[in-house]
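A quick write-up on the structure given underneath.
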Amino acid sequence: MPNIQGNRTLTEWLTLLLGVVILLVGLFFLIAGADLAMLGGSTYYVLCGIILIASGVFMLMGRTLGAFLYLGALAYTWVWSLWEVGFSPVDLLPRAFGPTILGILVALTIPVLRRMESRRTLRGAV
């Protein structure tokens, strides 16, 4: 049951923790990806890093937009991975496994984020 007073539940704390993890991964992707792009490598990491940073920030704000941004980045990751290596499972594993596991966790947080958004609306914060 949502709690209007502002006390956070365990699932909300875990959702916020996941937002921090995604934010940190995004910062790493952006910084390391910029170095890679300057050396002539793929710009995937820079673009994905920006999306992940935004996703993490929105999740920390308790907004479902953060989850949907992450899922969009996951779709982009799969498209990029398939374009890079094709359907080779051995080559796809390091590119897509970690982001997909995080994507499953993010999908599980959508109801929690919706509850957090509705509580903020009930308190009058927009």
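For the sequence shown, the UniProt record's numbering gives the first residue as 1, with consecutive numbering after it.
Even glycine gets a Cβ: it sits at the ideal position worked out from N, Cα and C.
Does DSSP put residue i in a helix, a strand or coil?
i      : result
Arg95  : helix
Met38  : helix
Met61  : coil
Gly87  : The sequence given here places Phe at residue 87; Gly does not occur at that position. Here Phe87 sits in coil by DSSP.
Thr15  : helix
Arg120 : helix
Arg8   : coil
Thr43  : coil
Of the residues the options, which one's Cα is nearest the Cα of residue i?
i      : options                : result
Leu71  : Ala96, Thr11 and Asn7  : Ala96
Tyr45  : Met61, Leu27 and Gly56 : Leu27
Pro117 : Thr43, Phe58 and Phe29 : Going by the sequence as given, residue 117 is Glu instead of Pro. The option with the nearest alpha carbon to Glu117 is Phe58.
Leu92  : Pro99, Ser81 and Leu23 : Ser81
Thr9   : Phe29, Gly62 and Val25 : Gly62
Leu60  : Arg119, Trp13 and Asn7 : Trp13
Could you name the residues of the same chain whose beta carbon sits closer than 7 angstroms to that of residue i, not counting the 5 residues immediately before and after it, in chain order?
i      : result
Ile110 : Thr64 and Ala67
Leu69  : Ile51, Ala54, Ser55 and Phe58
Please list, in chain order, all residues of the same chain as residue i whose beta carbon is under 6 angstroms from its beta carbon, the five residues on each side excluded.
i     : result
Gly33 : Tyr45, Val46 and Gly49
Thr15 : Thr109 and Val112
Pro99 : Leu74 and Thr77
Is any heavy atom in the ligand ZN found nearer than 8 angstroms to the beta carbon of residue i?
i     : result
Gly72 : As far as ligands go, the structure on display features none, and thus does not contain the ligand ZN.
Report back the beta-carbon spacing between residue i and residue j to the nearest angstrom; my notes put them in contact at under 8 angstroms.
i      : j     : result
Gly41  : Leu74 : That belief does not hold up - the Cβ atoms of Gly41 and Leu74 are roughly 21 angstroms apart, past 8 angstroms.
Leu105 : Leu18 : 6 angstroms
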